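Below is one structure, written out as structure tokens, with a few remarks after it.
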Amino acid sequence: MYKTLSGKEPSAGVLESSKRIVANMKRKPHLVIVLVGSDPASEVYVRKKIEKAQAVGIRASLEKLENEANESDVLKLVEKLNKDKDVDGFIVQSPLPPQIDQMKVTEAIDPKKDVDGWTSTNIGRMILGMSETFLPATPIGIMKMLEYYGVEIAGKNVVVVGRGNVVGKPLSYLMLAKDATVTICHSRTKNLKQHTQNADILIAAAGRARLITAEHVKEGAYVIDVGTSKLGDKIVGDVDFENVIKKAHCSPVPGGVGPMTVSMLISNVIEAAIRKGENR
Ligand code: NAP
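Residue numbers are given in numbering that gives the first Met the number 0: position 63 of the sequence shown equals residue 62, and the series is strictly consecutive.
This is the structure:
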């Protein structure tokens with residue numbers, strides 16, 4: 000039978016080793032999360048990040064701004080956090096309210112504290128294969144998850160559905176760095192099925208509920224569902240899990256990529272503190 004690729008076990012492994020590292024640090028790393036507004040899904044994600052960070056011994060705090068905050072309020076806070084020597088890393092939870100330019104805010108973050116790995120400096124370093132970078136949490140979480148399940152990547156056909164800056168684009172480069180043959184699909188791709196049916200590893204990162212059906216999938220493939228959409232009051236992925244699992248290994252939503260994202264963020268915070276070199 001085909002495997003359900005849960006993110007819970009690999010994520011627990013990453014958290015366990017993070018806990019051991021933090022236990023040996025004199026000064027505990029400090030993560031700050033900026034939340035603008037009160038989007039219910041963002042509030043849940045932020046709470047999870049703070050809980051998990053604290054569980055491994057990291058100091059995690061929340062900076063909350065009102066939904067009406069303007070761009071300069073957010074930029075001022077980013078500048079304050081850039082300068083604060085007691086903050087090792089911080090993230091600005093997305094999505095931001097429409098009056099605030101996400102790209103401008105991301106670019107204002109000091110790359111040394113950019114533990115989401117979203118600044119152009121860190122993305123550029125990742126593409127060039129340089130070591131002093133922070134790899135974006137969701138894509139590197141997917142790579143770790145595949146490693147945990149013993150999935151070979153070199154020489155495989157990897158099809159990534161979605162070319163977003165947060166998942167699709169960076170993940171495609173990480174796959175390329177592991178010697179996969181990568182195809183990137185998007186909303187203008189003609190005959191999506193023709194591409195996805197060729198995938199040994201299929202990554203669905205479009206944010207379109209149940210876009211990927213069993214017909215899109217090759218028998219025995221590995222399917223990673225990154226998408227999260229609201230369907231009624233349920234959070235669903237991009238993949239029709241119930242039917243795809245009869246034909247291929249598949250990660251569920253929730254309980255798949257989500258927990259990996261949180262664990263990899265925590266790894267980046269520890270790495271940021273270690274790079275400051277004043278912890279042991
Ligand atoms: P994004 O920036 O909105 O990108 C979505 C991509 O999907 C775009 O490239 C878009 O194509 C493509 N697309 C949309 N409809 C499509 C279709 N019918 N066929 C093929 N491609 C299609 O989103 P993102 O930030 O990368 O995130 C993607 C999904 O992952 C979202 O659902 C997000 O919530 C989820 N996510 C989950 C986690 C987690 O931890 N679980 C973390 C981050 C993101 P165009 O470029 O042509 O518009």
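The beta-carbon is built from N, C-alpha and C at its ideal position, and this holds for glycine as well.
What you are looking at is a predicted structure, and each value in this text was computed from that prediction instead of being measured.
Rounded distance between the beta-carbons of Ala-247 and Gly-219, thought under 8 Å: 6 Å
Asp-239 and Ile-202 closer than 8 Å at C-beta: no
Simplified DSSP state of Ser-60, which is helix, strand or coil: strand
Val-33 - partner residues in DSSP beta bridges: Glu-62, Val-91
Proximity test, Ser-186 beta-carbon vs ligand 1 heavy atom, cut-off 7 Å: yes
Inter-residue Cα distance where the pair is Pro-135 and Val-165: 7 Å
heavy atom of ligand 1 below 7 Å from Ala-179 C-beta: no
Thr-195 CB to nearest heavy atom of ligand 1 below 7 Å: no
Proximity below 8 Å, CB of Pro-251 to CB of Ser-5: yes
Sequence-distant residues of its chain with Cβ nearer than 6 Å to Arg-162 (five each side left out): Lys-168, Ile-183, His-185
Counterpart residues of Ser-228 in DSSP-defined beta bridges: Val-235
Expected contact under 8 Å - CB spacing of Asn-267 and Phe-89 to nearest Å: Not confirmed; about 11 Å, so no contact.
Segment contact, 8 Å Cβ cut-off, at least three pairs: the segment 254-272 with the segment 67-80: no
Nearest-angstrom beta carbon gap, Val-35 and Leu-74 [assumed within contact, 8 Å]: With 8 Å as the limit, Leu-74 and Val-35 do not qualify as a contact, their Cβ atoms being about 12 Å apart.
Distance CB(Leu-157)-CB(Thr-188) smaller than 8 Å: Sequence check: residue 157 is Val here, not Leu. It is not a contact, given that the beta carbons lie outside the stated cut-off.
Buried or exposed (CB count within 10 angstroms, at least 16 for buried), Lys-2: exposed
Beta carbon of Gln-92 nearer than 8 Å to that of Ile-32: yes
Buried or exposed by the 16-neighbour rule on C-beta atoms within 10 Å, applied to Lys-112: buried
Candidates Tyr-148, Ser-60, Ser-171: closest to Val-86 by CA position: Ser-60
Nonlocal neighbours in the same chain, by C-beta distance under 6 Å from Lys-63, ignoring five residues either side: Leu-34
Thr-132 (DSSP reduced to helix, strand or coil): coil
Cβ-heavy atom distance, Ala-204 to ligand 1, below 7 Å: yes
Bridge partners - Ile-202, DSSP secondary structure assignment: Val-159, Ile-223
Contact check, Val-225 vs Thr-105, beta carbons under 8 Å: no
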